[in-house]
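*Asks:* Residue numbers (this note's numbering): 24 to 340.
Positions of the beta carbon are idealized from the N, C-alpha and C atoms, including for glycine.
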C-alpha cells in the first residue's frame, strides 16, 4: 500500500523534514496531489551517495552542514536518516530529538515526531514507535483531519506488523479504517480505499497467524472491492497482497510470481523477494535482491523492515 506500507500531502511534508526518498508503503496509494516542494540539493546529493553504497560520505556531508548550521532541520533529519540506515539508532534519535525541540510549528513538530517513530521502526520497536505516532495522530485530530489520522494509524499498524506485534497491528489498522471513514462528505471511491486497505491488512495478519483460509477470504474481499471499478489506481497493490499471503502460507512459487509483479523499486518488495528466493533454495538471486534492499535511502516502513534484515542476511552469506 502506499501504505506501504505510508496522503501524498503527508508524505511530502515528511520528505521535506526527513528527506528520505519517496515512500511506497504497502497499502492503497495516496489520493492527494503530490507536493512540488523538494529537499535542498545537499540532501539529494547525500541520498545519491547512499544509493551508491557510500553512506559514510553522505553522513560526512550532512555533518559538515550541521557544523555551519546546527539548527538546520533538513540536515538534522538527513543525518538521522543515514544513522538509522547504518543501524545507529541511538545517535539518529539525538538528531530527531533536536528537530522536535526546535520545530517552529505544530505541524513541523508532528513531522519530526514521525521521523522519531520511524527511527524506532528500524529497530522493530512497535511500542516506542506507537508512542510517537500517537502524538502525530493526536495532532491531526486537533485540526481535525480524519484522512491524515487514518494515514498515520495505518503507518503505525504497518510498523507493528513488521515488528511481529500482530495484535497492535490489527488494532491500529482498525483505527485507521474507522477514523478515515469519519471524513465529512466522504466519496464512494475514498470509502472503497479504506475498505480495500482493511481487507488487505486483515489478509496479511491472518496469513501471519497461520490462518490460511481466513487470509484467502480477505484476499477475495479485497479483489471484490477492486472489481467495483471505483479505485483502479489501487490495482497494482493486489499482486503484493497475493504474494505476501502466499509467502506466509508456504507457497513460495506463487509468492515469487506475485512479488515479481509488484513495485520493483520498493525495498520491502526487494527484501521479500530475496526471502522468497532463499526459501526456494536460490541463494545467489536472494543475495542480489538483499543487496538492492540494503541500499535503500528512504526513512519509512518499507526501508525500516528491509535495510536491517538485508544487511544482516548479507553479512551471513
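Going along the chain, which unbroken runs of the alpha helix (DSSP H) with 4 or more residues stay wholly within the region 172 to 215?
*Replies:* Runs of alpha helix (DSSP H) with 4 or more residues, each lying fully within the region 172 to 215, are found at 189 to 203, listed in chain order.
*Asks:* Would you say the region 293 to 300 touches the region 157 to 167, given that touching needs at least three Cβ pairs under 8 Å?
*Replies:* no
*Asks:* At 3 residues or longer, and completely inside the region 116 to 160: list those beta strand (DSSP E) runs for me, N to C.
*Replies:* none
*Asks:* At what residue ranges does the region 225 to 282 contain a whole run of the alpha helix (DSSP H), taking only runs of 4 or more?
*Replies:* List check, alpha helix (DSSP H) in window: 235 to 250, 261 to 271.
*Asks:* Ignore the nearest five residues each way along the sequence and tell me which others in residue 63's own chain have a CB closer than 7 Å to its CB.
*Replies:* In the chain shown, the residue the question calls residue 63 occupies position 40. These residues qualify, in order along the chain: 97.
*Asks:* Closest to residue 339 by CA distance: which of 329, 306, 322, 248 is it?
*Replies:* Counted from its first residue, the chain shown places residue 339 at position 316. It is 306 whose Cα lies nearest to the Cα of residue 339.
*Asks:* In terms of residue numbering, what span does the alpha helix (DSSP H) encompassing residue 100 cover?
*Replies:* Within the chain shown, residue 100 is the residue found at index 77, counting from 1. 96 to 108 is the span of the alpha helix (DSSP H), which, as asked, contains residue 100.
*Asks:* How is the alpha helix (DSSP H) around residue 93 delimited, first residue to last?
*Replies:* As a working mapping, residue 93 is identified with position 70 in the chain shown. Per DSSP, residue 93 belongs to no alpha helix (DSSP H) and is neither H nor E.
*Asks:* Spatial neighbours of residue 89 within its chain, please: CB distance less than 8 Å, with the 5 preceding and 5 following residues excluded, ordered by chain position.
*Replies:* Mapped onto the chain shown, residue 89 falls at position 66. Correct list, in chain order: 95, 98, 99, 102.
*Asks:* Does the beta-carbon of residue 92 have 16 or more other beta-carbons within 10 angstroms, so that it is buried, or is it exposed?
*Replies:* Reading the chain shown from its first residue, position 69 is the one you call residue 92. The residue is exposed, with fewer than 16 neighbouring Cβ atoms inside 10 Å.
*Asks:* Assuming the contact rule is C-beta atoms closer than 8 Å, residue 316 and residue 333 should be a hit. Round their C-beta distance to whole Å, please.
*Replies:* Residue mapping note: residue 316 aligns to position 293 of the chain shown, counting from 1. Residue mapping note: residue 333 aligns to position 310 of the chain shown, counting from 1. Sure, about 4 Å apart at Cβ, within 8 Å.
*Asks:* How about residue 303 and residue 275: do their beta carbons lie closer than 8 Å?
*Replies:* Numbered from 1 along the chain shown, position 280 holds the residue referred to as residue 303. Numbered from 1 along the chain shown, position 252 holds the residue referred to as residue 275. Judged by beta-carbon spacing, residue 275 lies within the 8 Å limit of residue 303, meaning their Cβ atoms are closer than that value.
*Asks:* Are the region 202 to 218 and the region 168 to 176 touching, with three or more C-beta to C-beta distances below 8 Å?
*Replies:* Judged by Cβ distances under 8 Å, the region 202 to 218 makes contact with the region 168 to 176, as three or more pairs qualify.
*Asks:* Quick check on this structure: which residue in 112, 207, 282, 239 has the alpha carbon closest to the alpha carbon of residue 224?
*Replies:* If you number the chain shown from 1, residue 224 lands on position 201. Taking the Cα of residue 224 as reference, the smallest distance to any Cα among 112, 207, 282, 239 is reached at 239.
*Asks:* So, under 8 Å CB-CB, residue 122 and residue 138 are touching, yes? Tell me the CB distance rounded to an integer number of Å.
*Replies:* Locating residue 122 in the chain shown gives position 99, where the first residue counts as 1. Locating residue 138 in the chain shown gives position 115, where the first residue counts as 1. Contact holds; Cβ gap of about 7 Å.
*Asks:* Which residue's Cα is closest to the Cα of residue 264: 84, 244, 145, 254?
*Replies:* Here residue 264 refers to the residue found at position 241 of the chain shown. Closest by alpha carbon: 244.
*Asks:* Going straight from the alpha carbon of residue 12 to that of residue 251, what length do you get?
*Replies:* Because residue 12 is not part of the residues shown, which for the chain are 24 to 340, the question remains open.
*Asks:* Apart from the five residues on each side of it in sequence, which residues of its chain come closer than 6 Å, Cβ to Cβ, to residue 59?
*Replies:* Within the chain shown, numbered from 1, the residue matching residue 59 stands at position 36. For residue 59, the predicted structure reports a pLDDT of 35, less than 50, and the residue's modelled location is therefore unreliable. A value from the coordinates is still provided. Nothing meets the Cβ criterion.
*Asks:* Taking just the CA atoms, how far does residue 194 sit from residue 173?
*Replies:* For the purposes of this step, residue 173 is identified with residue 150 of the chain shown, where counting begins at 1. For the purposes of this step, residue 194 is identified with residue 171 of the chain shown, where counting begins at 1. Using only the alpha carbons, I get a separation of about 12 Å.
*Asks:* Roughly how many whole angstroms lie between the Cα atoms of residue 258 and residue 87?
*Replies:* Residue mapping note: residue 258 aligns to position 235 of the chain shown, counting from 1. Residue mapping note: residue 87 aligns to position 64 of the chain shown, counting from 1. Cα to Cα, the separation comes out at about 44 Å.
*Asks:* Taking the alpha carbon of residue 227 as the reference point, which residue from 106, 208, 269, 254 has its own alpha carbon closest?
*Replies:* Taking the chain shown and counting its residues from 1, the one referred to as residue 227 is at position 204. Ranking the options by Cα distance to residue 227, first place goes to 269.
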